[in-house]
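Here is the structure we will look at, set down as structure tokens.
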Amino acid sequence: MNLPAKHSVKGNTIFTVMSALAHEHNAINLSQGFPDFPIDSKLGELLLEASQKGFNQYAPMAGLPMLREAIVNDFKKRYNVDVDADTEVTVTPGATYGIYTAFTSILQKGDEVIVLEPAYDSYIPNIETNGAVVVPVSLTTPTYHVDWNKVKDAITDKTRAIIVNTPHNPTGAIWTKEDWDSLAEVIRGTDIIVLSDEVYEQIVFDDKQHYTVLQHEELRQKSFAIFSFGKVYHNTGWKMGFVIAPQALTNAFRSIHQFLVFSVNTPAQYALSQYLSQPSLPSVSGMMQQKRDHFLKLMEGTPFTIHTPAGGSYFQTVGYEQINDMPDMEFAQWLTKEYGVATIPISAFYSNRQDDKTIRFCFAKKEETLERAVEKLLRLS
Ligand SMILES: Cc1ncc(COP(=O)(O)O)c(C=O)c1O
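Here this note's numbering is used: the first residue of the sequence shown is 902, the next is one more, and so on.
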């Protein structure tokens, strides 16, 4: 059968490729961004309780009201923002779905979308599947900050959206209030819509703050803010998330959502609503910072060059110029096969496969996993 491609990405995602290679070579998998430690047992108990209490049928299309209320209260508490549970919050089966559906609800054939690269790998196929055109803008290496002049130059009368991500995958960089102000300035007076991917919002280090687009009054009126329960409560396999957007954008989003999935896993929604409604929740940033710090300390003994320590997210980028000068894709495969540690080459996050000779480690792992991995890397010394 000859089926024309819907997007430009060929074959499997880099995460599938590297995880399969890790499996084949019995390597420690620090490539894909998923935790290998257990979830809070309370969350598991609540999932069981949900099923026993009869939360087993379709939930309302926008999400269980009790979960949307819990989200709104949590955002008021943590960010002091007012969100309307009925008209602005939609529960989704994960953030990737939220991103795809947000794009589908606003894009027409031929629209342009600015993507800051390196970028999470679902953005480009999501845009192209909707018949729109990707306009990549590279972040400035090695700090991976945004060059706002480049963004300004990339805007045309066809630009419909820009997708941004903080804390950032793959680099761990985080946006300041000034970044949001610059974005607001650059798109002021245009019809550009912002997709703000904030899946790591609760994973920010060194007493820094995450700024959500929802705190920016001007941008908030034209933004989808996209969140993932999986990333912050370490249950990525539940594939649960939510999208917050002003009413007009939420209506557009739901007009697609209702025919794509209609509603989202009910027991998981009940469990998350009860979990979020507890008077206090464990600090995700605190726990993840311990892991980042432990990993960075262990890595000091290896010949890798640590780039700026991750400001947030699950990820740390490193250079390997003291080891060899292979292209990063080759290096990551060589490291998996010869040294038993799987990582992700940063070129996989660029549409033109730009090679920064940089790889990404995921440190959202048990301490013993990180220790076993670095023990193998010490053989490179
Ligand atoms: C930046 C970014 N956005 C979205 C996602 C996907 O989140 P979810 O598992 O909730 O679909 C990921 C997962 O790695 C990510 O890194």
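Idealized CB from N, CA, C, for every residue including glycine. Predicted model, so just to flag it, every value in this text is computed and none were measured.
Residue nearest to residue i in terms of C-alpha spacing, selected from the options
i	options	result
Gly912	Glu1272, Ala1249, Leu1281, Glu1269	Ala1249
Ile1104	Asn930, Leu1120, Gly1073	Gly1073
His1046	Ile1063, Thr1067, Pro1180	Thr1067
Ala1003	Pro1019, Tyr1024, Lys907	Tyr1024
Asp1098	Ile1000, Leu1278, Trp1081	Ile1000
Lys1078	His1117, Asn1050, Leu947	His1117
His1135	Leu1236, Ile1247, Tyr1101, Glu1119	Tyr1101
Ile1035	Thr1042, Thr1041, Asn1027	The sequence shown places Val at residue 1035, rather than the Ile named in the question. Ranking Thr1042, Thr1041, Asn1027 by Cα distance to Val1035 puts Asn1027 first.
Gln1179	Gln1234, Ala1243, Asp975	Asp975
Glu950	Ile1088, Gly1090, Pro1168, Lys1010	Pro1168
Thr1284	Thr1151, Ala1274, Leu1197, Ser1282	Residue 1284 lies beyond the residue range present for the chain, which begins at 902 and ends at 1282; the question has no answer from this structure.
Phe1232	Met902, Gln1217, Asp1256, Arg979	Asp1256
Asn1253	Ser1039, Arg1089, Ile1064	Ser1039
Val1133	Gly934, Thr1042, Pro1147	Gly934
Pro1210	Asn1166, Asp1107, Ala1243	Asp1107
Asp987	Phe1154, Gln1191, Gln1148, Glu1272	Gln1148
Leu1271	Gln1217, Ser1181, Asp1226	Gln1217
Residue i vs residue j beta-carbon contact at 8 Å
i	j	result
Ala960	Ser1129	no
Lys1140	Pro939	no
Glu1013	Ser909	no
Tyr1339	Leu944	With the chain running from 902 to 1282 in the structure shown, residue 1339 is simply not present.
Lys1284	Tyr1221	Nothing can be reported for residue 1284: it is not among the residues displayed for the chain, which extend from 902 to 1282.
Ser1124	Ser1006	no
Tyr1215	Glu1018	no
Ala1033	Arg1061	yes
Leu968	Val984	no
Ala928	Gly1241	yes
Ala1055	Ile1094	no
Ser952	Ile1245	no
Phe1196	Phe1264	yes
Helix, strand or coil at residue i according to DSSP, with G and I counted as helix
i	result
Ile1127	strand
Ser1097	strand
Leu1150	helix
Ile1000	helix
Ile1245	strand
Asn930	strand
Phe938	coil
Arg979	helix
Asn1050	helix
Ala1274	helix
Ala1074	coil
Thr1167	helix
Ile1064	strand
Ile1207	strand
Thr1057	coil
Ala963	coil
Gln1135	Checking the sequence, you will find His at residue 1135 rather than Gln. Coil, per DSSP.
Lys943	helix
Gly1032	coil
Arg1254	coil
Ile1224	coil
Val1185	helix
Bridge-paired residues (DSSP) for residue i
i	result
Thr1044	BP columns for Thr1044 are empty, so no partner.
Ile1025	Answer by DSSP bridge pairing: none, since Ile1025 is not bridged.
Leu1017	Val1038
Phe1264	DSSP lists no partner for Phe1264.
Gly1213	Val1105
Val910	In DSSP, Val910 forms no bridge with anything.
Val990	Ile1145
Val1219	Ile1207, Ile1260
Exposed unless 16 or more other CB atoms sit within 10 angstroms - verdict on residue i
i	result
Phe1160	exposed
Arg1121	buried
His1208	buried
Leu1229	The question names Leu, yet the displayed sequence has Asp at residue 1229. Buried, by the Cβ-count rule.
Gln1110	exposed
Thr1044	exposed
Ala921	exposed
His924	exposed
Gly1213	buried
Lys1266	buried
Met919	buried
Met1189	buried
Met1200	buried
Asp1022	buried
Ser1174	buried
Asn930	buried
Glu989	buried
Gln1223	exposed
Asn1152	exposed
Pro1071	buried
Arg1283	Since the first and last residues shown for the chain are 902 and 1282, residue 1283 lies out of range.
Asn1031	buried
Arg1089	exposed
CB contact check: residue i to chain C, cutoff 8 Å
i	result
Lys1010	This model lacks chain C altogether, as it is built from one protein chain only.
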